[in-house]
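Engineer: One structure follows; several queries about it will come next.
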Amino acid sequence: MYVVETYKDNFIRLKIFPLAAAAYGSDKNINDCLLQIYPDFQFVKNWVVTCQRKDHFCSAFIAVSFTDKAIVLSFRGTDSFWQLTHEVWQTIFRKKVPSVFGYGHVAFYFDDIFNQLDKKGVTEEIHYLLRQHKHYEVWITGHSLGGALAAIAAAKLIQSKEIGPDKIKLVTFGQPRTGDSGFAAGMNKNLPFFNYRVTRARDLVVHVPPRTYEDYAHYKTEIFYDNDMKPGAKWKRCVGGDEDKDCANRYGHYLYNF
Numbered sequence: 000m001y002v003v004e005t006y007k008d009n010f011i012r013l014k015i016f017p018l019a020a021a022a023y024g025s026d027k028n029i030n031d032c033l034l035q036i037y038p039d040f041q042f043v044k045n046w047v048v049t050c051q052r053k054d055h056f057c058s059a060f061i062a063v064s065f066t067d068k069a070i071v072l073s074f075r076g077t078d079s080f081w082q083l084t085h086e087v088w089q090t091i092f093r094k095k096v097p098s099v100f101g102y103g104h105v106a107f108y109f110d111d112i113f114n115q116l117d118k119k120g121v122t123e124e125i126h127y128l129l130r131q132h133k134h135y136e137v138w139i140t141g142h143s144l145g146g147a148l149a150a151i152a153a154a155k156l157i158q159s160k161e162i163g164p165d166k167i168k169l170v171t172f173g174q175p176r177t178g179d180s181g182f183a184a185g186m187n188k189n190l191p192f193f194n195y196r197v198t199r200a201r202d203l204v205v206h207v208p209p210r211t212y213e214d215y216a217h218y219k220t221e222i223f224y225d226n227d228m229k230p231g232a233k234w235k236r237c238v239g240g241d242e243d244k245d246c247a248n249r250y251g252h253y254l255y256n257f
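In numbering that gives the first Met the number 0, the protein residues as written are 0 to 257.
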């Protein structure tokens with residue numbers, strides 16, 4: 000029988016968040032960062048592609064934690080205001096495309112970047128490592144744009160049936176709305192065990208695209224920090240549906256004043 004794991008701030012703060020942060024570095028930076036936090040980590044590979052513009056880069060890396068018995072996949076997020084502007088423009092003015100696991104649609108921009116990375120062997124490498132390390136979990140994470148890519152990666156991994164949903168931990172930070180309500184429903188149904196979107200106060204990115212535009216919607220479960228997120232900060236597990244009005248959405252009107 001599968002058991003839904005509860006959100007634990009220390010685990011996310013000390014284990015998962017450093018992985019999302021490390022994705023912004025070079026191969027050497029990632030390796031050095033991981034070794035400081037996880038002495039038994041093995042850095043496997045880092046892939047880098049252009050995000051539809053030659054001056055915008057997107058990336059993903061894979062590593063293995065032998066102590067945690069986990070294969071890690073982390074996606075780099077938006078790293079400049081101009082990349083965020085391009086991201087918003089492409090998401091709003093390009094048609095959505097079918098999601099990788101057949102539920103609803105996702106933004107073309109996110110899907111296109113994920114496919115660029117995946118063609119270089121991201122999912123293939125995960126499958127290879129799962130065969131080498133049977134019974135290991137797969138931890139998938141990313142910040143901002145990286146969160147959207149992480150969600151699509153998790154959906155594809157579920158669709159491949161190479162690993163059960165109870166073995167996947169998906170945690171994103173400041174993730175934009177990645178797809179429509181059909182995609183959100185698919186994520187809720189297929190990844191119900193450890194699937195958390197961490198949001199913070201007035202973060203603009205989590206409101207993009209607007210909920211009222213083209214049926215874009217978040218999936219659950221949102222973990223909301225209405226503070227500075229320092230160690231010991233209070234957080235809330237949002238239970239008011241996929242779009243809880245008492246969490247990040249309480250600040251949604253700031254988007255229209257941006």
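C-beta atoms are modelled at their ideal positions from N, C-alpha and C, and glycine is treated no differently.
1. Write down the C-beta distance between S180 and G101 rounded to the nearest angstrom, noting that I regard them as a contact closer than 8 Å.
2. Flag this pair as touching only if the stretch 205–215 and the stretch 184–191 have three or more C-beta atom pairs under 8 Å; answer yes or no.
3. Leaving out five residues before and five after L33 in sequence, what residues of the same chain have Cβ atoms less than 7 Å from its Cβ?
4. On the three-state DSSP scale, how would you describe F35?
5. Under 8 Å between the Cβ atoms of I151 and F193?
6. Just to confirm, is the Cβ distance from G231 to K95 under 8 Å?
7. Would you mind sorting Q131 into buried or exposed? The rule is 16 or more other CB atoms within 10 Å of its CB.
8. If you count every other CB in all the chains shown that lies within 10 Å of the CB of N248, and 16 or more means buried, which is it?
9. So, helix, strand or coil for R75, using DSSP?
10. Would you report the Cα separation of V47 and D227, rounded to the nearest angstrom?
Structural biologist: Put simply:
1. For the purposes of this step, residue 180 is identified with residue 181 of the sequence shown, where counting begins at 1. For the purposes of this step, residue 101 is identified with residue 102 of the sequence shown, where counting begins at 1. Not quite, the Cβ-Cβ distance comes to about 15 Å (not below 8 Å), so this is no contact.
2. no
3. As a first step, residue 33 must be located in the sequence shown, where it is residue number 34. Correct list, in chain order: A21, F40, F42 and A62.
4. One-based indexing of the sequence shown puts residue 35 at position 36. This sequence places Gln at residue 35; Phe is not what is there. In the structure shown, Q35 sits in a helix (DSSP, three-state: H, G or I).
5. On the sequence shown, residue 151 is found 152 positions in, with the first residue counted as 1. On the sequence shown, residue 193 is found 194 positions in, with the first residue counted as 1. Against a cut-off of 8 Å, the Cβ pair of F193 and I151 comes out as no contact.
6. If you number the sequence shown from 1, residue 231 lands on position 232. If you number the sequence shown from 1, residue 95 lands on position 96. Result no, Cβ atoms of G231 and K95 do not sit closer than 8 Å.
7. As a position in the sequence shown, residue 131 is number 132, starting the count at 1. Its Cβ having fewer than 16 others within 10 Å, Q131 is exposed.
8. If you number the sequence shown from 1, residue 248 lands on position 249. Flag for N248 reads buried.
9. For the purposes of this step, residue 75 is taken as the residue at position 76 of the sequence shown. Coil.
10. The residue labelled residue 47 in the question sits at position 48 within the sequence shown. The residue labelled residue 227 in the question sits at position 228 within the sequence shown. Whole-angstrom Cα-Cα distance: 31 Å.
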